[in-house]
Structures are given as structure tokens and as C-alpha cells.
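No gaps in the numbering here: position 30 of the sequence shown is 523 in the numbering used here, and each next residue is one more.
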Amino acid sequence: MAYEDIFLYLGAFGPYQRYIYFLLCLTNISCALHKLAGVFLQAKIDHRCSLPFESNNATYQELPRELYNMTYPWDTRLKAWSSCQRLDGDFSDEYFINNLPSNHSVYCDNGWIYDTTTYQSSTVIEWDLVCDKAWLRATADSMFMLGDALGSVSFGFLSDKFGRRPIFFVALTMQLVAGFLVAISPTYLCFMLSRFLVGITASGMFLVAFVIALEMVAPSKRVMAGIPCQLFFTAGYIFVTAFSYFINNWRLLQVAFTMPALFFLSYWWIIPESARWLLSNGREEEGKAVILKVARKNQVDIPKDVINGLMHQEDSNGNIFPQEQIKKPSFLDLLKYPVLRRRAFYIFFIWFVNNSTYYGLSWSTSDLGGNNYLNFLISGAVEIPAYIFLLLTLNRCGRKSILCGSMLAGGAALLLTIAVPTEEKWLIITLAMVGKLAVTASYGTIYIVTAEQFPTVIRNVALGASSTCARAGGITAPYINLLADVWKSLPLLVFGGLITIGGFLALQLPETANKKLPDTFEEGEAFDLSISEEASEVQIEESKK
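Quick look at the structure:
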């Protein structure tokens, strides 16, 4: 019998499964803290060149506004005084009295003075990550996302090979150590390398935990279990705002982001190994013990013959063989089928633009104007109605319409910012938040769409490949945000264009809601999920002839 049949006796989502699910979903909060930490650890801070006549302890506001035209060139692109150049005057009393500004500009050779009104401490201040060094800040965020990509792949592979539970604690320990290394980094290179290590564990730890949770839940409940889990990430999003508002030192802030992981060490005595993994790897007695423990906690009884039937599986000829002998297809097998291959590339691109836009908007709240903390808080809070919207509509309206509609709506909101005057900051912020809400909804939908688009035999492989494409999008996001130094609205237009293209590609995907999903490559290739189930079954039979 199949492993899923055990839930007929165990319970689809019983009390013990819900308890373990809740504990494991808490790790998504830690994941959010580290993924979004860069917004405040590397906060963008207003700055200006330190002038030759100013003292070392001069403040940003100390220079009278009326003297700016005498000391700084005007940046016509940004419509503001330059923050990377100063006028090369002699700055004598005669210079100011006679109002004789220089026409020659030079780079900030005396360093910078920062506006510490909002942020009193930042890596930007400590290592002067401005002007010609601004790319280093983007590179650190990209390296974090590169680590995130490597971690999601490597920890997934390791958990398949050595077990979910031990690899979870390896990732947790690594996150604790790397998190504290970030806080004590003596140089920016050490900071970037430590953040890279944290990135490896950020999604890796949660994905392993999430697999444990979902393997304890019946397939019929996985959609309902998957979407609420994202709300824990949103909770972490909001906690980032609270921690950053009350902790002004970036090193102490990093310690605060790392400390919650200490709580997860207690899981060693609570979280069981995945029974499914134990059974599929020949550790039958341990697998039985986990199932019986769940049954005992749920106060149900499971017949012995039912548990014994989980150890083997029948092939199409009725032959019985151990589950671990089942041959698992690879990603290359997916590319052999033209219809599935085309759908795969559409889905991979949608993952790419969703991740790039999601983190691009999350990391760039300080570029929108207004209160940075409030912008960031709203950016996280809009995710709550997005997920509630998905819970209410995904099964009623279908996956395709929600995915396509969310992406096109988000793209339209972001592209509309081109028509908004720069002084209307409230309207730009509103459109950006509408875009963030929409991309959150599409991001939540693409998880389910991907799981349902591909045949059972390749589903996990396809999800892994999609996740890798998403991380590639995250790597590009910081560099797209750098375009704000050229034109404030340019990143929003780039993200809007990408998400709009993804929305039109989503139109090419078949609907999967309430449809019988394909199990084999042949069924996936021939099965048009947009037609009725009865007609699709006829199509499958014809394709097999």
C-alpha cells in the first residue's frame, strides 16, 4: 500500500501533526529575520561629502541649507545636491562673502558625513559603503541569496541521504555560529562571507523542517497547511521592524536576529524523524515507532497489517518490491518531453521574477520616501490579506486565474509609478505596496501550481529546480535596486515589467484546480488539464496506444 494510505487510520491532520507542524513553522520566522536583516544592517543613509573646513564630529544638519549651492554640485538626474561630489573651492571667508562658487567638482576626498537621525549605526557608516562602494552593499545581499540557493539545494540533498532530523540540526547549529560571526565581523569581507554562510542555512533549515511537517500531513490537507505556513514568514517580517526600531546598533541587532534560533535547539527532544524517510530508506522499525507514536498521541489505533503493508509497493504487474528500490527520475528526464519542457520553462521564469520582485520590493522600502520603518512594516503587513485572499479563492476561482491576475495586477501597479510625480511620495508608496501585495499572492500560488503542473514521478525534482530559479531571481534583486541611484522609479519599472511578462506566460499554463493530476511523464505530456477529467482520461489512453 502507498504511504498516504496510512492517514486513513492516523488522521489527515490530527492534533499531534498540528503540534509538530506549528513548531516547525516557527523556523520560518528565523528565516525571515535573516533574509530581511540586510534592510537595516545595511540601511541606506543620507550622506554628503565632508568639507575641508568641517571638524571630524560635524553633523549632517550642521551646514546651513543656503550654503549648499556654494559647496555641492546639483545632480540633475536625482534632482538633489550631489552626495558623492563637492565643489573644489578654497572655502575662505572671501569665497563665501563674495558668493563665488567653483565650477569644478571633485569626489569626496575627506570622507562623508551621515544623517544619523533615523539610523545611528549601520555597515554603510562603518565601512563607507556609498558612492563608488555602493555596489559592495548590493553584492553582500546577492551573496546571501547565492548562499540561500546553495543551501536549499544542498540541504535538500543531504536530508534525502542522511535524514531530515539530523540535517535540520546541522543547519541550525551552522546558522547560530554564522549569525554570531556576522555580529563580530572586523571587516566588510568577513561580514559578507558570514552573511553568505547564514544564507546557506536560511532556507535550507526551514525547507528541511517544512518537509518533515508536510510528510506528516495527508495530501488532502497540504494546500491548507502550505499557505498558513507563509504567515509565519510574515510574522518574522514584522519582527524585523520591531527589533530594528528599538535596537540602533547593527551588531546588537544581528545578535537579536540570531538569538531566536537558540530556542530551536530544544527541538532535539521534540521533533521526530520523518516516518516516510525512515521507511523509504529501509529503517522499518524506526519508521513503525514514529507512526505508532503519532497514533498514540492522536489516540487512534492502526492495525499491524496496515503498518506492515507500508514496507513494500506493487508495480504495474503486481510484483512487490521494497520502496527504496523504486527508481527516481532526474531533471534531465523532464526535458525529454516537449510539452512538459515548455511548461517547466514558463514556471521557472515565473519563480525567477516572483522572487526577484518580492525581495527587490522588500529591500528597497527606504528608496520610496517617507518613514522607512513604516514603509517596511506596511510592506510586511500587506502579506496578511494576500494569504487570506489565497485561502478564500484558490479552490473557488482556480490556480491559473489567481496566478495570472495577481502578476498582471502587480505589474500594472508598479508600472503606473512612471506617471506619478516624484513629490507625490504617498502615491508611489501606495502603488509599490499594491504591487507587493499582488506579488505575495502570486508567490504563494506558484508553490501550489508547480506541485500540480508536474507528474508525480518528477514533482519533487521540479519543485527543487523551481526553487533554484527563484534564488537566482533573488541574486539579481539587489543590483536592480541599485538603479535607484540613476532614477528613483527605475527599479519599480524593471520589477513591474518582469512580473507583467510572467503574468502573460502564466496564461499558457493549464488549470489544475479540482482536476485529476498526471502521475507519469506520458500522462503529463498528453493530459490537457484544462479540459474535463473524463475527456482527459480518454486522451491519456489514446496517448498510450
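We put the beta carbon where it would ideally sit given N, CA and C, even for glycine.
Note that this is a predicted model, so its numbers are computed, not measured.
Identify the residues that DSSP records as bridge partners of residue i: which are they?
i	result
Ala573	Asp568
Trp761	DSSP lists no partner for Trp761.
Val617	According to DSSP, Val617 bridges with nothing at all.
Cys446	In the structure as shown, the chain begins at 494 and stops at 1038. Residue 446 is therefore absent and cannot be evaluated.
Gln578	Tyr600
Quick check: the Cα distance between residue i and residue j, rounded to an integer number of angstroms?
i	j	result
Phe845	Cys518	24 Å
Arg834	Ser652	27 Å
Asp498	Tyr851	37 Å
Ala642	Ile968	9 Å
Leu669	Ile881	33 Å
Ser696	Ser645	6 Å
Lys786	Gly775	19 Å
Ile693	Asp581	46 Å
Val691	Thr564	43 Å
Lys981	Ile522	31 Å
Ile660	Pro545	56 Å
Arg688	Ala664	14 Å
Ile843	Asp798	45 Å
Leu887	Thr938	8 Å
Phe637	Ile784	38 Å
Tyr972	Gly719	31 Å
Phe515	Ala965	29 Å
Ala730	Leu976	Checking the displayed sequence, the identity of residue 730 turns out to be Tyr instead of Ala. Each residue's Cα considered, the two are about 24 Å apart.
Pro566	Lys572	11 Å
Leu560	Trp856	33 Å
Arg657	Lys781	16 Å
Glu779	Arg769	10 Å
Leu745	Lys528	17 Å
Phe673	Val701	22 Å
Val623	Cys542	11 Å
Met752	Leu983	37 Å
Phe533	Leu724	21 Å
Ser575	Ile677	33 Å
Tyr681	Val793	56 Å
Leu940	Tyr600	Inspection of the sequence shows that residue 940 is occupied by Tyr rather than by Leu. Whole-angstrom Cα-Cα distance: 48 Å.
Asp568	Pro878	40 Å
Gly928	Gln613	30 Å
Ala963	Ser647	15 Å
Leu629	Phe988	21 Å
Gln747	Asn603	30 Å
Met717	Val979	43 Å
Given a threshold of 16 other Cβ atoms within 10 Å of its Cβ, counted over all protein chains shown, does residue i qualify as buried or as exposed?
i	result
Ile911	exposed
Arg579	buried
Glu766	buried
Ser849	buried
Arg558	exposed
Val675	buried
Thr1005	buried
Asn562	exposed
Trp761	exposed
Ser615	buried
Asn550	exposed
Ile922	buried
Lys893	buried
Phe756	exposed
Ser827	Note on identity: in this sequence residue 827 is Leu, with Ser being the wrong assignment. Leu827 should be labelled buried.
Less than 8 Å between the CB atoms is what I'm expecting for residue i and residue j, so what's the real figure, rounded?
i	j	result
Ile618	Ile538	6 Å
Ala505	Lys714	5 Å
Ala931	Ala970	17 Å between Cβ atoms; not a contact.
Gly531	Ala633	7 Å
Trp547	Thr727	Correcting the residue identity first, residue 547 is Glu in this sequence and not Trp. No, Glu547 and Thr727 are not in contact; Cβ-Cβ is about 44 Å, not under 8 Å.
Gln535	Val710	In fact, because the Cβ distance is near 38 Å, the residues do not count as touching under 8 Å.
Met698	Thr520	6 Å
Phe1014	Pro948	6 Å
Gly1070	Ile992	As shown, the chain starts at 494 and ends at 1038. That puts residue 1070 outside it, with no answer to give.
Looking at the ligand FAD, does it come within less than 6 Å of residue i, judged from the CB to the closest heavy atom?
i	result
Val675	Because no ligand of any kind appears in the structure shown, any question about the ligand FAD cannot be addressed here.
Contact between the region 733-741 and the region 862-874 (3+ Cβ pairs under 8 Å): By the criterion of at least three beta-carbon pairs nearer than 8 Å, the region 733-741 is in contact with the region 862-874.
Sufficient close CB pairs (3 or more, under 8 Å) joining the region 853-864 to the region 917-933: Yes, since at least three Cβ pairs between the region 853-864 and the region 917-933 fall closer than 8 Å, the two stretches touch.
Validate contact between the region 737-748 and the region 957-966 using beta carbons, cut 8 Å, 3 pairs: no
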